[in-house]
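To convert, note that position 65 of the sequence shown is 67 in our numbering; the numbers rise steadily by one, no gaps.
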Amino acid sequence: MVPRRQEYGGKRSAGARSGSVTHFRTAMNSGSLRRSPAVLPSVLTFLVIVASGGLLLMIEKGMLNNMDTPPPRGNGRRLDLIRQAGKHSPDAVDVESQILQEIRNRTIRTMCSQKNMPHSIWTLSPLQRKTLLQHILVNDEYRFLYCYVPKVACSNWKRVLKVLSGALESVDVNVKMDHRSDLTFLSSLKPEEIRYRLKHYYKFMFVREPMERLLSAFRNKFGEIESYKKKYGVEIVKRYRKGHAKDTNIKGDDVTFAEFVRYLLDEDVDRMNEHWMPVYNLCQPCAVSYNFIGSYEHLESDSEFVLQRIGAPPYVHFPERQTWYKPVTTETLHYYLCSLPQKLLRELLPKYILDFSLFTYPFPNTTTEHCRH
């Protein structure tokens, strides 16, 4: 079982010491950001450009060409094992991933430094703080915090946490994932314990292109999960399908993507289901200074980097995707977004504006010419 609480002087791995993050990909020092209707897309876009401008200038002048990636900290035995296996080691991370990290870091610092933003989790609203603390998982032995985001490989990361705690023998064990048992959530700890861990533990999260994550949630929950069809599907059909408001025979198994989007437009982002709640609202990257924000698009290399950084044992690896997993392809996303009425898409994007802006994802191209192809 995972120890619910551990003395603050417990084991501290070399790879998870606070105050010593020097790797190019992990320079994070964000303040805080409160969701505000006054923050307009145009302002956010401008801030993204300003925040990343210095790095883009370095790229243009070729200043990154001869820059060596500093060796990551952690257990040397793990790096040796990776090299022997011929895998892509953290000290050879592709430049693209490094650039994304630096742009995100600059953008978050710029956005979160504004005076009217909250400076810690304690200045969030009670509901926002509750959501955040319920999504941060704790490992006291390796001294790290992981904010899980549904539909961003969180099931596999939970497997990793269970292996690290000894609750699971291997990440490859074929068992149904229990998303609550054998896991310690930050919400279960006392305020002083929460403060200590937020200050001293290594903190990370993973993000994904907002519309791709949304479509993944839609296809999974309304295509495969009966409980979601009954709870959300029936409600959506009654509310948004003409002539079905009083229909008692609705199964909720044929919800269209457009109906789902209409439902989202009427939802308060702070009260959404976690599978389609914006990443910003789940993990509050301005109230929590994350040391590393990984990408679903670079899942393998970013996950290996985190495992190295926290000092995980060599036998612990990030699980491979299941053979039955059906990824959202570029073509599939293009089809669904282009099939939406443009008015719905224009109204939907602002719901996820902070995810697009803070994590540097471009808005989807759904112009008539693009969709025609």
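Ideal Cβ placement from N, Cα and C applies to all residues, glycine included.
{"Check": "Alpha carbon of V173 to alpha carbon of S157, nearest angstrom", "Outcome": "10 Å"}
{"Check": "Whole-number beta carbon distance between Y150 and R311, since they are thought to touch under 8 Å", "Outcome": "Incorrect: roughly 17 Å between the Cβ atoms, too far for contact."}
{"Check": "Three-state secondary structure (DSSP) of K205", "Outcome": "strand"}
{"Check": "Chain B within 8 Å of E98, Cβ atoms only", "Outcome": "Annotation note: the requested chain B is absent from the structure, which comprises a single protein chain."}
{"Check": "Selection from E333, F358, K248 and N367 that minimises the alpha carbon distance to I105", "Outcome": "F358"}
{"Check": "Distance between I295 and S183 (C-alpha atoms, nearest Å)", "Outcome": "25 Å"}
{"Check": "Of the residues L185, Y327, F262 and S127, the one placed nearest L347, counting alpha carbons only", "Outcome": "F262"}
{"Check": "Residue from Y337, V271 and T332 whose Cα sits closest to the Cα of L356", "Outcome": "V271"}
{"Check": "Segments assigned alpha helix (DSSP H), at least 4 residues, entirely inside the region 220-304", "Outcome": "236-242, 259-267 and 281-285"}
{"Check": "8 Å Cβ cutoff met for L163 and E143", "Outcome": "no"}
{"Check": "Collapsed DSSP secondary structure at F146 in the structure displayed", "Outcome": "strand"}
{"Check": "Contact between the region 245-260 and the region 326-337 (3+ Cβ pairs under 8 Å)", "Outcome": "no"}
{"Check": "Own chain, CB closer than 7 Å to F220, minus 5 neighbours either side, in chain order", "Outcome": "F259 and F262"}
{"Check": "Where L335 falls: helix, strand or coil (DSSP)", "Outcome": "helix"}
{"Check": "Own chain partners of P128 with C-beta closer than 6 Å, once the 5 adjacent residues on each side are dropped", "Outcome": "none"}
{"Check": "Helix, strand or coil at V154 according to DSSP, with G and I counted as helix", "Outcome": "coil"}
{"Check": "Through-space distance from V257 to F224, alpha-carbon basis", "Outcome": "7 Å"}
{"Check": "Segments assigned alpha helix (DSSP H), at least 4 residues, entirely inside the region 97-123", "Outcome": "97-114"}
{"Check": "Where L191 sits in the DSSP three-state scheme", "Outcome": "coil"}
{"Check": "8 Å Cβ cutoff met for P280 and K353", "Outcome": "yes"}
{"Check": "Exposure of M119, with buried meaning 16 or more beta-carbon neighbours within 10 Å", "Outcome": "buried"}
{"Check": "C-alpha gap between S189 and K240, whole angstroms", "Outcome": "35 Å"}
{"Check": "Contact set for L339: own chain, Cβ-Cβ below 7 Å, skip 5 residues either direction", "Outcome": "M213, L347, P366 and T368"}
{"Check": "Inter-residue spacing [alpha-carbon to alpha-carbon] between V154 and A247", "Outcome": "34 Å"}
{"Check": "Collapsed DSSP secondary structure at I138 in the structure displayed", "Outcome": "strand"}
{"Check": "Beta-carbon proximity check, L139 vs T186, cutoff 8 Å", "Outcome": "yes"}
{"Check": "Assumed close pair L284, T133 - CB separation to whole angstroms, cut-off 8 Å", "Outcome": "6 Å"}
{"Check": "Selection from L135, C288 and E322 that minimises the alpha carbon distance to D113", "Outcome": "It should be noted that the sequence gives Met, not Asp, for residue 113. When each option's Cα is compared against that of M113, the closest is C288."}
{"Check": "Whole-Å CB distance - Y298 paired with R210, under 8 Å assumed", "Outcome": "4 Å"}
{"Check": "Alpha helix (DSSP H) segment containing L360, residue limits", "Outcome": "I355 to L360"}
{"Check": "Helix, strand or coil at T125 [DSSP, three-state]", "Outcome": "helix"}
{"Check": "DSSP three-state assignment for T186, whether helix, strand or coil", "Outcome": "strand"}
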